[in-house]
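Engineer: Numbering (numbering that gives the first Met the number 0), first residue to last: 0 to 347.
Take a look at the following structure, please.
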Amino acid sequence: MSNRRRLLLGLQFVVAGAALAAVVALVDWPAAAGVWAAADLRWLAAAWLLSLAGFLPAALRWTRLLAAVGLHYPLLAAYRAYLVGVFCGLAMPGVIAGDAARIWLCSREARAPLALATTTVVAERALGVAALLAILSLGSGIVGGDAVAGVPAWLPAVCLLLVGALLTLPRCLRWLDDRWPAAAAVPPSLPAALIARLRAVTGALRRIGTAGLLLALVLSLTFQLIDIIVVHAIGRALAIDLGLPVLLVTMPLVHLATVLPLSPGGLGVREGTMAFVLAQSGVSSSAAALLALTVFLNRVLVGAVGGLAHLAGGGRLADASGGGQRPGAAAAAVVGQRSPPAGRRPGD
Numbered sequence: 000m001s002n003r004r005r006l007l008l009g010l011q012f013v014v015a016g017a018a019l020a021a022v023v024a025l026v027d028w029p030a031a032a033g034v035w036a037a038a039d040l041r042w043l044a045a046a047w048l049l050s051l052a053g054f055l056p057a058a059l060r061w062t063r064l065l066a067a068v069g070l071h072y073p074l075l076a077a078y079r080a081y082l083v084g085v086f087c088g089l090a091m092p093g094v095i096a097g098d099a100a101r102i103w104l105c106s107r108e109a110r111a112p113l114a115l116a117t118t119t120v121v122a123e124r125a126l127g128v129a130a131l132l133a134i135l136s137l138g139s140g141i142v143g144g145d146a147v148a149g150v151p152a153w154l155p156a157v158c159l160l161l162v163g164a165l166l167t168l169p170r171c172l173r174w175l176d177d178r179w180p181a182a183a184a185v186p187p188s189l190p191a192a193l194i195a196r197l198r199a200v201t202g203a204l205r206r207i208g209t210a211g212l213l214l215a216l217v218l219s220l221t222f223q224l225i226d227i228i229v230v231h232a233i234g235r236a237l238a239i240d241l242g243l244p245v246l247l248v249t250m251p252l253v254h255l256a257t258v259l260p261l262s263p264g265g266l267g268v269r270e271g272t273m274a275f276v277l278a279q280s281g282v283s284s285s286a287a288a289l290l291a292l293t294v295f296l297n298r299v300l301v302g303a304v305g306g307l308a309h310l311a312g313g314g315r316l317a318d319a320s321g322g323g324q325r326p327g328a329a330a331a332a333v334v335g336q337r338s339p340p341a342g343r344r345p346g347d
């Protein structure tokens, strides 16, 4: 690890620690102890089980995207990879440790080329952002008032533009591929390996097709809505009055904040954003912070299941971040990809 990477990682941990400390400081701990003691365990158990079940639509989304690019990955294997990703996001440094773990598991278990596995995960991320913006737009329209004072009025338009751009991406990529220079016509200034990578990525995205992207978007919406219901259930367990419309605004903002590489796995940023946004919605600062910490503990329990699942599979985490990858392995995987034959392409 380079000195620059160490410095960046150190700064991320400082941000995570400061954000968590700020959330902890907001909690009225004597009152919180009483709230936790009186918590309804049935709601907490339901939230945990629903969290586990919520990864099923996400796993189905991933398997459908992989199938669209010609890769078979069983649903249960993809589900297990998601749980392992949660564990890695908690246990390993780095912003994308969970995604890296899923890519590594897919490439190992499904013999998936690194380029294709990575492309599908990146597509998932883009669809997830589109789903979050759609839910946030819906929540802003329902809630209104001070709770959404900081949400720009042009957000729904941006959401529609993003969704439209994603759904028209396959046709745009076909247009690009038809005008892509042949191998012999590639300028000498452009490395052949880079051109091969770009062709592999664009070819994979084009093969997903508009119908596949639309189905994946619906599954992304389902996944995010289940997560909102989980937070609502935890609020019920703690006797914190939360309306689902408020969470339609809060949770998208929380997840969008973690997209920024401010802390390892969004640690601290997630909890701090949740506490801040809920406080703006009329929830007391102490209750909002307590809810944020309890949601984090629920995530830890889900991650523990992922850790146990990975240990039961006899896998190793050492290579999940790419550190154990041979220098030429990624390039070889990409160069090994081939564009589909000329003619009609999937998704056209």
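In this text, a Cβ means the ideal position worked out from N, Cα and C, and glycines have one as well.
How many Å lie between S353 and V301 at the Cα?
Structural biologist: Here the chain covers residues 0 to 347 and nothing more, so residue 353 does not appear.
Engineer: Taking contact to mean 3 or more Cβ pairs, one atom from each stretch, closer than 8 Å, check whether the stretch 286 to 294 and the stretch 216 to 234 are in contact.
Structural biologist: Flag = yes, the stretch 286 to 294 and the stretch 216 to 234 touch.
Engineer: Tell me whether V162, by its Cβ, gets closer than 6 Å to a heavy atom of the ligand ADP.
Structural biologist: As far as ligands go, the structure on display features none, and thus does not contain the ligand ADP.
Engineer: Does the Cβ-Cβ distance between V83 and H309 come in under 7 Å?
Structural biologist: One-based indexing of the sequence shown puts residue 83 at position 84. One-based indexing of the sequence shown puts residue 309 at position 310. A contact, by the Cβ cut-off of 7 Å.
Engineer: Quick one: what's got a C-beta closer than 6 Å to A100's C-beta in the same chain, skipping five residues either side?
Structural biologist: Here residue 100 refers to the residue found at position 101 of the sequence shown. So the qualifying residues of the chain are V83, G84, C87, A319.
Engineer: Which runs of the alpha helix (DSSP H) fall wholly inside the stretch 45 to 131 and span at least 4 residues, in chain order?
Structural biologist: 74 to 90, 96 to 108
Engineer: By the three-class DSSP mapping on this structure, what secondary structure does G140 have?
Structural biologist: For the purposes of this step, residue 140 is taken as residue 141 along the sequence shown, with counting starting at 1. Reduced to three states, the DSSP call for G140 is helix.
Engineer: Our contact map puts A215 next to L126 with C-beta atoms below 8 Å; I'd like the distance itself, whole angstroms only.
Structural biologist: Within the sequence shown, numbered from 1, the residue matching residue 215 stands at position 216. Within the sequence shown, numbered from 1, the residue matching residue 126 stands at position 127. Correct: roughly 5 Å between the Cβ atoms.
Engineer: Are L161 and A129 touching if we call contact CB-CB under 7 Å?
Structural biologist: Taking the first residue of the sequence shown as 1, we reach residue 161 at position 162. Taking the first residue of the sequence shown as 1, we reach residue 129 at position 130. The answer is yes: Cβ separation under 7 Å.
Engineer: Quick check: what's the CA-CA separation for L261 versus N297?
Structural biologist: Within the sequence shown, the letter at position 262 stands for residue 261. Within the sequence shown, the letter at position 298 stands for residue 297. Whole-angstrom Cα-Cα distance: 22 Å.
Engineer: Are there three or more Cβ pairs, one per stretch, closer than 8 Å when the stretch 213 to 228 is compared with the stretch 48 to 66?
Structural biologist: yes
Engineer: With DSSP as the reference, label S219 as helix, strand or coil.
Structural biologist: In the sequence shown, counting from the first residue as 1, residue 219 sits at position 220. Helix, per DSSP.
Engineer: So is P251 buried or exposed if we call it buried at 16+ other beta carbons inside 10 Å?
Structural biologist: Counted from its first residue, the sequence shown places residue 251 at position 252. When all chains shown are included, P251 counts as buried.
Engineer: State the CB to CB distance for the pair G264 and A18, rounded to an integer number of angstroms; the pair is presumed to be in contact (CB under 8 Å).
Structural biologist: Translated into the one-based positions of the sequence shown, residue 264 becomes position 265. Translated into the one-based positions of the sequence shown, residue 18 becomes position 19. Contact doesn't hold; Cβ gap of about 12 Å is too wide.
Engineer: So, at 7 Å on beta carbons, what are the nonlocal neighbours of T119 in its own chain, with the 5 sequence-adjacent residues on each side left out?
Structural biologist: As a working mapping, residue 119 is identified with position 120 in the sequence shown. Here the set comprises W61, L64, L65, V68.
Engineer: Grouping DSSP H, G and I as helix and E and B as strand, with all else coil, what is A15?
Structural biologist: Taking the sequence shown and counting its residues from 1, the one referred to as residue 15 is at position 16. Helix, per DSSP.
Engineer: Classify D240 as helix, strand or coil using the three-state DSSP reduction.
Structural biologist: Residue 240 sits at position 241 when you count from the first residue of the sequence shown. Reduced to three states, the DSSP call for D240 is coil.
Engineer: With DSSP as the reference, label G264 as helix, strand or coil.
Structural biologist: Position 265 of the sequence shown holds residue 264. Residue state, collapsed to three classes: helix.
Engineer: Considering only their Cβ atoms, is the gap separating T249 from V276 smaller than 7 Å?
Structural biologist: Sequence index remark: in the sequence shown, residue 276 carries index 277 (1-based). Sequence index remark: in the sequence shown, residue 249 carries index 250 (1-based). It is a contact, given that the beta carbons lie within the stated cut-off.
Engineer: Would you call the CB atoms of V253 and M273 closer than 7 Å?
Structural biologist: On the sequence shown, position 254 is the one that residue 253 refers to. On the sequence shown, position 274 is the one that residue 273 refers to. Their beta carbons are under 7 Å apart, which means V253 touches M273 by this criterion.
Engineer: Straight-line CA distance for A21 to G138?
Structural biologist: As a working mapping, residue 21 is identified with position 22 in the sequence shown. As a working mapping, residue 138 is identified with position 139 in the sequence shown. Looking at the backbone, the Cα of A21 and that of G138 are separated by about 27 Å.
Engineer: In terms of alpha-carbon separation, which member of L113, A45, D27 lies closest to V229?
Structural biologist: The residue labelled residue 229 in the question sits at position 230 within the sequence shown. Among L113, A45, D27, the Cα nearest to that of V229 belongs to A45.
Engineer: In terms of alpha-carbon separation, which member of G312, Q279, L266 lies closest to V294?
Structural biologist: Indexing the sequence shown from 1 puts residue 294 at position 295. Of the candidates G312, Q279, L266, the one whose C-alpha sits nearest the C-alpha of V294 is L266.
Engineer: Given that a residue counts as buried once 16 or more other Cβ atoms are within 10 Å of its Cβ, and exposed if not, what is D240?
Structural biologist: In the sequence shown, residue 240 corresponds to position 241, counting from 1. D240 should be labelled exposed.
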